[in-house]
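The sequence shown maps to residues 169 to 301 in our numbering.
Have a look at the structure below before the remarks.
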Amino acid sequence: MEQDKKILVSEWIKRAEDDELNALSILKHKDGTPAFVCFVSHQVAEKYLKALLLFYSGDAPKIHSLRKLIATIKHYSKEIEKEIKEEIIILDPYYIGARYPADIPLESFTWQMAEQANQMAIKIKQFVLEEIK
Numbered sequence: 169m170e171q172d173k174k175i176l177v178s179e180w181i182k183r184a185e186d187d188e189l190n191a192l193s194i195l196k197h198k199d200g201t202p203a204f205v206c207f208v209s210h211q212v213a214e215k216y217l218k219a220l221l222l223f224y225s226g227d228a229p230k231i232h233s234l235r236k237l238i239a240t241i242k243h244y245s246k247e248i249e250k251e252i253k254e255e256i257i258i259l260d261p262y263y264i265g266a267r268y269p270a271d272i273p274l275e276s277f278t279w280q281m282a283e284q285a286n287q288m289a290i291k292i293k294q295f296v297l298e299e300i301k
């Protein structure tokens, strides 16, 4: 892998790791909201998927849809839909739904949803890291 692409992949992974640390802290201390953990878990997944797309293609589009990202990545990795499709389906609505009123009522977010979102982001992380090693 060329050096510039390698640096960009590493930067996306570092940002995803930072988001993951924030989500884990909120989950541990309950000093934030479940909605924010759901949003940040989406961000963790998005950043890992962008790192993977950069790894394969050298490009990471400025989109936030996890479904669109895996639609592009599946041209390079046939296993992606089979491995992380459920996680994508659950996390994808959190980008907007956890941030904007009326999409998902704020009071409907629970700590159980936040834990699940975090676990799904971790599964996507594991998939991506396995692919790029």
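All C-beta atoms in this analysis are idealised placements derived from N, C-alpha and C, irrespective of residue type, glycine included.
Handout entry: DSSP three-state assignment for arginine 183, whether helix, strand or coil
Key = Three-state result, arginine 183: helix.
Exercise for the section: Taking leucine 259 as the reference, give the member of Leu217, His243 and Ile300 with the closest Cα. Expected result: With respect to the C-alpha of leucine 259, the residue from Leu217, His243 and Ile300 having the closest C-alpha is Leu217.
Handout entry: Expected contact under 8 Å - CB spacing of valine 212 and alanine 289 to nearest Å
Key = The distance from the Cβ of valine 212 to that of alanine 289 is about 4 Å, consistent with a contact at the 8 Å cut-off.
Exercise for the section: Report buried or exposed for serine 178, applying the criterion of at least 16 other Cβ atoms within 10 angstroms of its Cβ. Expected result: Counting every other CB atom within 10 Å of its CB across the protein chains shown gives serine 178 a total below 16, marking it as exposed.
Handout entry: Nearest to glutamate 275 (by Cα), restricted to the options Lys253, Ile181 and Cys206
Key = The shortest C-alpha separation from glutamate 275 is found at Cys206.
Practice task
With a 10 Å radius around its C-beta and 16 neighbouring C-beta atoms as the bar for buried, classify tryptophan 180 as buried or exposed.
Solution key: By the neighbour-count criterion, in which a residue is buried when 16 or more other Cβ atoms sit within 10 angstroms of its Cβ, tryptophan 180 is buried.
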